[in-house]
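Enquirer: Sharing a structure here in C-alpha coordinates format.
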Amino acid sequence: MGGIPAQTQQEGITLSHTLNNIDIFLVDINLSVANLDGIYTALELNRSKSSKIIMLTSMSDEEVIQQAFTAGASNYILKKDATRIPEIIRSTYYETPPIQDLLKDYCRLKNEEQLKELTPAEREVYDFVEQGYSRRKIQKN
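Numbering of the sequence shown is given in UniProt numbering, commencing with residue 1 and proceeding in unit increments.
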(Lines of atoms letter the chains of each structure in order from A; the text may use other names.)
(Lines give C-alpha, C1' and ligand atoms only; values in the text may rest on other atoms or scores of the structure.)
Protein backbone atom coordinates (compact mmCIF):
# COMPACT_ATOMS: atom_id res chain seq x y z
CA MET A 1 0.00 0.00 0.00
CA GLY A 2 1.22 3.50 -0.75
CA GLY A 3 1.41 6.46 1.54
CA ILE A 4 -1.57 8.34 2.90
CA PRO A 5 -0.75 12.03 3.40
CA ALA A 6 -1.80 14.15 6.35
CA GLN A 7 -1.28 17.91 6.35
CA THR A 8 -1.52 18.63 10.08
CA GLN A 9 -0.67 16.99 13.38
CA GLN A 10 -4.34 16.41 14.20
CA GLU A 11 -5.05 14.96 10.76
CA GLY A 12 -2.12 12.56 11.14
CA ILE A 13 -3.22 11.41 14.59
CA THR A 14 -6.81 10.97 13.41
CA LEU A 15 -5.69 8.93 10.39
CA SER A 16 -3.50 6.76 12.60
CA HIS A 17 -6.50 5.90 14.78
CA THR A 18 -8.70 4.99 11.81
CA LEU A 19 -6.14 2.91 9.90
CA ASN A 20 -4.91 -0.47 11.06
CA ASN A 21 -1.67 -2.32 10.37
CA ILE A 22 0.47 0.69 9.54
CA ASP A 23 4.08 -0.45 9.47
CA ILE A 24 5.85 2.89 9.15
CA PHE A 25 4.95 6.54 9.54
CA LEU A 26 7.04 9.07 7.62
CA VAL A 27 6.61 12.30 9.60
CA ASP A 28 7.92 15.73 8.68
CA ILE A 29 9.33 17.39 11.80
CA ASN A 30 7.90 20.72 10.65
CA LEU A 31 4.32 19.90 9.72
CA SER A 32 3.62 23.61 9.90
CA VAL A 33 6.04 26.44 9.23
CA ALA A 34 8.78 26.89 11.86
CA ASN A 35 7.11 24.52 14.29
CA LEU A 36 8.35 21.17 15.58
CA ASP A 37 4.84 19.69 15.69
CA GLY A 38 6.05 16.58 13.86
CA ILE A 39 7.93 15.66 17.03
CA TYR A 40 4.70 15.91 19.04
CA THR A 41 2.97 13.84 16.37
CA ALA A 42 5.68 11.17 16.67
CA LEU A 43 5.28 11.17 20.44
CA GLU A 44 1.54 10.59 20.14
CA LEU A 45 1.96 7.93 17.45
CA ASN A 46 4.57 6.17 19.57
CA ARG A 47 2.16 6.05 22.52
CA SER A 48 -0.74 4.59 20.59
CA LYS A 49 0.82 2.45 17.87
CA SER A 50 3.55 -0.15 17.57
CA SER A 51 4.49 1.21 14.15
CA LYS A 52 7.94 2.56 13.41
CA ILE A 53 8.43 6.27 12.77
CA ILE A 54 10.86 7.88 10.36
CA MET A 55 11.36 11.61 10.82
CA LEU A 56 11.86 13.68 7.67
CA THR A 57 13.38 17.14 7.94
CA SER A 58 15.67 19.74 6.47
CA MET A 59 17.11 20.44 9.93
CA SER A 60 20.35 18.80 11.00
CA ASP A 61 20.42 20.39 14.46
CA GLU A 62 21.63 17.81 16.98
CA GLU A 63 19.05 18.87 19.58
CA VAL A 64 16.19 18.44 17.11
CA ILE A 65 17.48 14.99 16.16
CA GLN A 66 17.65 14.05 19.84
CA GLN A 67 14.09 15.29 20.38
CA ALA A 68 12.90 13.20 17.42
CA PHE A 69 14.44 10.03 18.82
CA THR A 70 13.20 10.85 22.32
CA ALA A 71 9.70 11.13 20.85
CA GLY A 72 10.04 7.60 19.50
CA ALA A 73 11.48 7.94 16.01
CA SER A 74 13.11 4.78 14.69
CA ASN A 75 15.03 6.61 12.01
CA TYR A 76 15.76 10.06 10.66
CA ILE A 77 16.36 11.36 7.14
CA LEU A 78 17.24 14.78 5.81
CA LYS A 79 15.14 16.12 2.94
CA LYS A 80 18.30 16.68 0.91
CA ASP A 81 18.69 12.87 0.97
CA ALA A 82 15.10 12.26 -0.19
CA THR A 83 16.23 9.84 -2.90
CA ARG A 84 17.18 7.47 -0.07
CA ILE A 85 13.65 7.37 1.40
CA PRO A 86 12.77 3.93 -0.10
CA GLU A 87 16.05 2.50 1.22
CA ILE A 88 15.50 4.03 4.68
CA ILE A 89 11.93 2.71 4.80
CA ARG A 90 13.08 -0.82 3.93
CA SER A 91 15.94 -0.82 6.43
CA THR A 92 13.70 0.60 9.16
CA TYR A 93 11.01 -1.99 8.44
CA TYR A 94 13.30 -5.02 8.38
CA GLU A 95 15.85 -4.09 11.03
CA THR A 96 15.61 -3.09 14.64
CA PRO A 97 18.92 -1.55 15.59
CA PRO A 98 20.11 -2.30 19.14
CA ILE A 99 19.94 1.40 19.88
CA GLN A 100 16.14 1.19 19.53
CA ASP A 101 15.87 -0.72 22.81
CA LEU A 102 18.01 1.90 24.50
CA LEU A 103 15.95 4.69 22.99
CA LYS A 104 12.69 3.14 24.19
CA ASP A 105 14.05 2.89 27.74
CA TYR A 106 15.36 6.44 27.54
CA CYS A 107 11.97 7.70 26.30
CA ARG A 108 10.15 5.90 29.09
CA LEU A 109 12.49 7.33 31.73
CA LYS A 110 12.32 10.83 30.22
CA ASN A 111 8.52 10.65 30.21
CA GLU A 112 8.47 9.54 33.86
CA GLU A 113 10.82 12.40 34.74
CA GLN A 114 8.56 14.93 33.02
CA LEU A 115 5.45 13.52 34.69
CA LYS A 116 6.97 14.09 38.13
CA GLU A 117 6.98 17.83 37.42
CA LEU A 118 3.21 17.98 36.84
CA THR A 119 0.86 19.38 39.45
CA PRO A 120 -1.82 16.95 40.70
CA ALA A 121 -4.42 18.64 38.48
CA GLU A 122 -2.15 18.46 35.42
CA ARG A 123 -1.43 14.81 36.15
CA GLU A 124 -5.15 14.07 36.38
CA VAL A 125 -5.73 15.66 32.96
CA TYR A 126 -2.74 13.74 31.56
CA ASP A 127 -4.17 10.45 32.89
CA PHE A 128 -7.56 11.20 31.29
CA VAL A 129 -5.86 11.89 27.94
CA GLU A 130 -3.89 8.62 28.24
CA GLN A 131 -7.16 6.78 28.84
CA GLY A 132 -8.59 8.24 25.62
CA TYR A 133 -11.05 10.69 27.17
CA SER A 134 -12.29 13.47 24.88
CA ARG A 135 -11.81 17.11 25.84
CA ARG A 136 -15.50 17.34 26.61
CA LYS A 137 -15.33 14.36 29.02
CA ILE A 138 -12.23 15.78 30.69
CA GLN A 139 -13.97 19.13 31.20
CA LYS A 140 -16.94 17.38 32.85
CA ASN A 141 -14.63 15.60 35.30
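Idealized CB from N, CA, C, for every residue including glycine. Only a predicted model underlies this, so the values are computations on that prediction, with no experimental measurement involved.
Restricting to runs no shorter than 3 residues, where is the beta strand (DSSP E) found entirely within the segment 36-89?
Expert: Counting only runs of at least 3 residues, the segment 36-89 fully encloses the following beta strand (DSSP E) elements, listed from N- to C-terminal order: 52-57, 75-78.
Enquirer: What separation, rounded to the nearest whole angstrom, lies between the Cα atoms of residue 53 and residue 26?
Expert: Cα-Cα distance, rounded: 6 Å.
Enquirer: If we count Cβ pairs, one from each stretch, closer than 8 Å, do we get three or more for the segment 71-81 versus the segment 37-55?
Expert: yes
Enquirer: Would you kindly work out how many angstroms separate the C-alpha atoms of residue 43 and residue 90, rounded to a whole number?
Expert: 22 Å
Enquirer: For the alpha helix (DSSP H) that residue 127 lies in, which residues bound it at each end?
Expert: 120-130
Enquirer: When the Cα atoms are used, what is the spatial distance from residue 24 to residue 82?
Expert: 16 Å
Enquirer: Just to confirm my understanding: we take residue 137, look at its own chain, exclude 5 residues before and 5 after, and list those with CB closer than 8 Å. What are they?
Expert: Within the same chain, Cβ atoms closer than 8 Å to the Cβ of residue 137 are found at 128, the five residues on either side in sequence being excluded.
Enquirer: Determine the direct distance from the alpha carbon of residue 47 to that of residue 17, and round the result to whole angstroms.
Expert: 12 Å
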